[in-house]
Amino acid sequence: MIYPKTFEEKLGFDQTPSKLRANCLSTAGQAWVDNMQFSTEFESIKILLHQNVEFRLILEKDDPFPSKHFFDPAEWIKKISLEGNWLEADEFLSFAYGIDTILACKTFLSRNAETYPHLYALSEPVSIPQELSRQVYLKIDDKGTVKDSASADLGRIRKKLRDEQGRVRRLADQIFKAAVSSNWVPEGALPTIRDGRVVIPIQVEHKRKLKGFILDESATGQTVFMEPAEMLDANNEIRELEHEEKREVIRILKTLTAEFRIQLPTIKTSFQFLAQIDFIRAKARLALEIDADLPILEKEPGLTWYNAKHPLLYLSLKGKREIVLLSIELNAEQRMLLVSGPNAGGKSVCLKTVGLLQYMAQCGLLIPVSDRSRVGIFEDIFLDIGDQQSIENDLGTYTSHLRNMKVFLESATANSLVLLDELGSGTDPNFGGAIAQAILYSLLKRKV
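Position one of the sequence shown corresponds to residue 61 (this note's numbering), numbered consecutively onward.
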């Protein structure tokens, strides 16, 4: 249990997802950030932390890990899933690049399985065939256009189309030159295309002198664009060939899509791996940014931290001045620590550091402590911090404190971490101090 609902905001953890998203290479990786959750499963947390530290090592060593073409295939998969649908050529090209990246990641991790065992374990289920991307490259060029060689029919159609277009251009040049010599063409005008057909620009007063069809006119109405009668059949042939080309391209894309549809379960698994790698990479980049490390993880609740730093404070002071490091221990024998001192002495920062780092660790993030620090697993984290006034619920500061204490006393156990800031404030110090003392004794009896 995490309490209250505003827990992440109060500790500053709400800034962490935005930092992680900024480090992601794809929206699929960002989706993993959005699904990141607090966990109480020891083995799961341990694996996440080891994946994180392994990728941090990749970044530190500047190993040539693939970092291009991290795509989110969600929309492509939707298209592929529908029978009779197809992907466009440029989408297939991006898809192929993504497949190559997946296979490159798998190859890298296979070669370095001993160094990065937890990351390698992620790649083991990936079995996407290289043949899928090869088929794309056979049919689609690097500009995202279906190749002439994609089929014999397409090659034949495009050759005939180019021949007809050449013939039309030559015919248009002849007619245009004759029109120019007769002074029918506006000065500086040239043959152009309207509705996919080659046309000649003719001054409006001479339009009846050229046999043909008016397809368009200029904005001023002084020029008309005419298709000469001699070019009608040729232009019609070009239009028909263009339609034939489009039908053949769609047929090729549908066939390729059908091949991908057969491999859809494998494709989904493989791109989930790529998204997860993107997410882990983002966490590793954040770890480097906040100088985070892998502590010793323990199943039982408790913490023994050396040289801990509040990550947000560390980032804000970086390059300006040194941050004050925190060393702290809470265990079964010494369950409670009461911090006192003057205003601006760092009491609240100490409390927030404990809450934030413990929460980060149980979300699978490396934390800025020394590597000999120990982090236990808590089932719950309860927080009472800051101004607790609630206008909506008509609660004053002290009443809100008491409401939180009620939750803590009802729900906290020996597996809970309870963080209280200025307990007893907001009322008469004598009464507040006495009630605070009673609450602390009650929490101690519950072995929090």
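Even glycine gets a Cβ: it sits at the ideal position worked out from N, Cα and C.
From a predicted model like this one, the values you see are computed outputs, not experimental measurements.
- Spatial neighbours of Glu114 in its own chain (CB-CB distance under 6 Å, excluding positions within 5 residues in sequence) are listed in chain order as Tyr176, His178, Leu179.
- Fewer than three beta-carbon pairs drawn from the segment 434–444 and the segment 392–399 are found closer than 8 Å, and the two stretches are therefore not classed as touching.
- For the set Thr252, Leu270, Leu108, Ala134, the Cα lying nearest the Cα of Ile427 is the one of Leu108.
- Beta-bridge partners assigned by DSSP to Ser476: Asp440.
- Rounded to the nearest angstrom, the gap between the Cα atoms of Asn367 and Leu386 is 5 Å.
- Fewer than three beta-carbon pairs drawn from the segment 197–212 and the segment 346–355 are found closer than 8 Å, and the two stretches are therefore not classed as touching.
- Note on Tyr501: under 16 other CB atoms within 10 angstroms of its CB, so exposed under the neighbour-count rule.
- DSSP places Asn403 outside any alpha helix (DSSP H), giving it a letter other than H or E.
- In summary, Asn391 is exposed, with fewer than 16 beta-carbon neighbours lying within 10 Å of its beta-carbon over all protein chains present.
- CA-CA distance, Ile118 to Asp481, rounds to 40 Å.
- Counting every other CB atom within 10 Å of its CB across the protein chains shown gives Gly256 a total below 16, marking it as exposed.
- Ala472 is positioned such that its CB atom lies no closer than 8 Å to that of Phe438.
- Note on His461: 16 or more other CB atoms within 10 angstroms of its CB, so buried under the neighbour-count rule.
- When rounded, the separation of the alpha-carbon atoms in Lys79 and Thr87 is 14 Å.
- Every unbroken stretch of the alpha helix (DSSP H) spanning 4 or more residues and falling wholly within the segment 80–149 is given here in chain order: 87–94, 102–121, 134–141.
- Cβ-Cβ distances below 6 Å link Ala232 to Pro251, Val258 in the same chain, with the five nearest sequence neighbours on each side left out; the list follows chain order.
- Close CB contacts of Arg321 within its chain, under the 7 Å cut and outside five residues either way in sequence, are with Ile140 (chain order).
- Each residue's CA atom was taken as its position, placing Gly144 and Ser211 some 20 Å apart.
- Thr283 and Ser193 have their alpha carbons spaced roughly 50 Å apart.
- When Cβ pairs closer than 8 Å are counted between the two stretches, the segment 268–280 is seen not to touch the segment 300–319, the count staying below three.
- When the Cα atoms are used, Cys423 and Pro189 turn out to be separated by approximately 34 Å.
- Here the C-alpha atom of Pro361 lies approximately 22 Å from the C-alpha atom of Asn464.
- Between Lys271 and Pro288, the C-beta spacing is below 8 Å.
- Sixteen is the threshold: since fewer than 16 other Cβ atoms of the shown chains lie within 10 Å of the Cβ of Lys359, the residue is exposed.
- A distance below 8 Å separates the beta carbons of Phe333 and Ser183.
- Between the segment 260–269 and the segment 234–243, the count of C-beta pairs closer than 8 Å reaches three or more; the two stretches touch.
- Straight-line measurement puts the Cα of Phe168 at about 12 Å from the Cα of Glu174.
- The beta carbon of Asp351 sits closer than 6 Å to the beta carbons of Pro428 from its chain, once the five residues preceding and following it are set aside; these are given in chain order.
- Contact annotation: Ile260 and Ile235 have beta-carbon atoms nearer than 8 Å.
- Boundaries of the alpha helix (DSSP H) harbouring Arg194: 190–199, taken from the DSSP string.
- Around the beta carbon of Gly405, fewer than 16 other beta carbons sit within 10 angstroms, so the residue counts as exposed.
- Residue state for Gln282 is assigned as coil, using DSSP reduced to three classes.
- Secondary structure at Gln263: strand, using DSSP grouped into helix, strand and coil.
- A distance below 6 Å between beta-carbons, with the five flanking residues on each side excluded, links Ile356 to the following residues of its chain, in chain order: Arg434.
- Per DSSP, reduced to three states, the secondary structure at Val414 is helical.
- Taken through DSSP and simplified to helix, strand or coil, Asn367 comes out as strand.
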